[in-house]
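For the sequence shown, UniProt numbering gives the first residue as 1, with consecutive numbering after it.
No residue lacks a Cβ here, since even glycine has one placed at the ideal position from N, Cα and C.
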Amino acid sequence: MVTERMDALPTLHETVRIHGLRADKSLGQHFLLDLNLTRSIARLATPLDGVHVAEVGPGPGGLTRALILEGAESVLAIEMDDRFLPLLDDIARASGKLSVHHGDALKLNIAEALPGPRKIVANLPYNVGTKMLVDWITARPRFWEQLVLMFQLEVAQRVCAQPGESAYGRLAVLCQSVGECRIAMEVPARLFTPPPKVDSAVIVIDPLDTPFEDLKALGELTQAAFGQRRKMLRASLKTYAKRKGLDLADWLGAAGVDPQARPETISVAQFQQLCRGAAI
Ligand code: SAM
């Protein structure tokens, strides 16, 4: 029934044309108008039975439609641009599964707005995507079961990078301390309307059973370490250790970290160990 009513909606291309919509660059708008593509993104979040999905920035609703067709229990679409509200209303009427919050997703408490279990699935606006990701991974208690998020490829690589890779840094250590992170799909720029300057990728983050709890402290430590990434740790962490009243050599030694190493070679587990050592 839902599928039939959704199939009766105008195609995404027609919808955008009928409403005369043009992308607003200031809101990071690049649309996915191919339902086959959005369905393969939505499938990365399956199974969706019984799951309530928060979708940030639905725009004309390509991914929104896909999430409903892939079986989400409900979708809460959070959109700042009011031009999309009539299009989203059409999807809400056809599906009976969509509610829309008109406003800034950075200011919405998703845990209060949507019942659980929850997943967040989104083709994020590039200008605020990383900020949203960090808000979600640092939220306590964790309120989501999975994150399936499209970023520009370079950000996706920074989330999923391993020690020794050039993209490895603070974002990888923080995200991988909370979840298992992987790049699930690369999406070339030409598949968006209008095409952005760079390619994109969808990352999937599945929560760890035992996440590292003190992300604030880990954030502070990794900021000190990667703030001067070309320097050896004995130099870049000198001020940090002094501020914390730590003997630098003892502290690094207890965590099995070579003072001459550079931050990009230190594993996530070692950063966590350093963090624990600094808290004592
Ligand atoms: N999901 C759509 C798609 O794939 O075709 C649109 C994706 S577009 C990259 C990003 C969307 O996020 C736009 O519709 C934009 O208006 C919306 N947006 C930008 N900043 C936002 C914010 N702070 N809160 C909610 N939505 C936002």
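Per-residue DSSP class, three states only, for residue i
| i | result |
| --- | --- |
| D214 | coil |
| Q146 | strand |
| Q152 | strand |
| F31 | strand |
| T239 | helix |
| S177 | coil |
| H19 | coil |
| T193 | strand |
| S200 | strand |
| M6 | helix |
| K119 | strand |
| M185 | strand |
| P259 | coil |
Cβ separation of residue i and residue j, assumed to be a contact under 8 Å, to the nearest whole Å
| i | j | result |
| --- | --- | --- |
| P207 | G179 | 5 Å |
| R83 | L124 | So it is not a contact: roughly 19 Å between Cβ atoms. |
| D90 | L153 | About 32 Å; that fails the 8 Å criterion. |
| P115 | E145 | About 12 Å; that fails the 8 Å criterion. |
| W251 | G277 | 5 Å |
Close Cβ partners of residue i (< 7 Å) along its chain, the five nearest in sequence each way excluded
| i | result |
| --- | --- |
| L69 | T3, M6 and R39 |
| P225 | Checking the displayed sequence, the identity of residue 225 turns out to be Ala instead of Pro. Result list for A225: L233, S236, L237 and P263, in chain order. |
| I266 | P163 and V257 |
| Q260 | M232 and R234 |
Residue from the options whose Cα sits closest to the Cα of residue i
| i | options | result |
| --- | --- | --- |
| T214 | P10, Q273 and R65 | The question names Thr, yet the displayed sequence has Asp at residue 214. Comparing Cα positions, the closest option is Q273. |
| K119 | V198, V75 and A224 | V75 |
| G129 | G96, E112, V159 and Y168 | V159 |
| Q228 | S236, T222 and L221 | S236 |
| Q29 | P117, A122, P115 and A45 | A122 |
| E55 | D34, L33 and I78 | I78 |
| T193 | L9, A8, M1 and K25 | K25 |
| I18 | T138, L174, L87 and N36 | L87 |
| L63 | C275, L252, Q223 and L32 | L32 |
| K244 | Q162, A217 and A139 | A217 |
| L35 | M150, K131 and L191 | L191 |
| V148 | C181, S177 and A139 | C181 |
| I41 | E186, L252 and M1 | E186 |
| L37 | V16, A161, H52 and G61 | G61 |
| L44 | L221, E220, A261 and I205 | I205 |
| W136 | V100, Y168 and S177 | S177 |
Spatial distance of residue i from residue j (CA atoms)
| i | j | result |
| --- | --- | --- |
| L108 | A184 | 27 Å |
| V257 | T210 | 23 Å |
| A66 | L98 | 12 Å |
| V134 | T11 | 34 Å |
| I110 | A249 | 44 Å |
| A279 | N127 | 34 Å |
| Y240 | S166 | 24 Å |
| R170 | A113 | 30 Å |
| G164 | G59 | 38 Å |
| A255 | L246 | 13 Å |
| L174 | S95 | 37 Å |
| Q270 | F212 | 12 Å |
| I253 | K231 | According to the sequence provided, residue 253 is Gly. The question's Ile does not apply to it. Whole-angstrom Cα-Cα distance: 18 Å. |
| V16 | E73 | 26 Å |
| L85 | A161 | 37 Å |
| V268 | C275 | 11 Å |
Close-in-space but distant-in-sequence residues of the same chain around residue i (CB under 6 Å, 5 per side omitted)
| i | result |
| --- | --- |
| G71 | L48 and D49 |
| A156 | I183, A201 and I203 |
| H52 | E73, S74, L114, P115 and R118 |
Same chain only: Cβ atoms within 8 Å of residue i, ignoring 5 sequence neighbours per side
| i | result |
| --- | --- |
| M80 | L27, G57, H102, G103, D104 and A105 |
| T46 | E70 and G71 |
| P196 | H30, Y126, Q152 and A189 |
Any chain C beta carbon closer than 7 Å to residue i
| i | result |
| --- | --- |
| D90 | Absent from the structure is chain C; it holds one protein chain and no more. |
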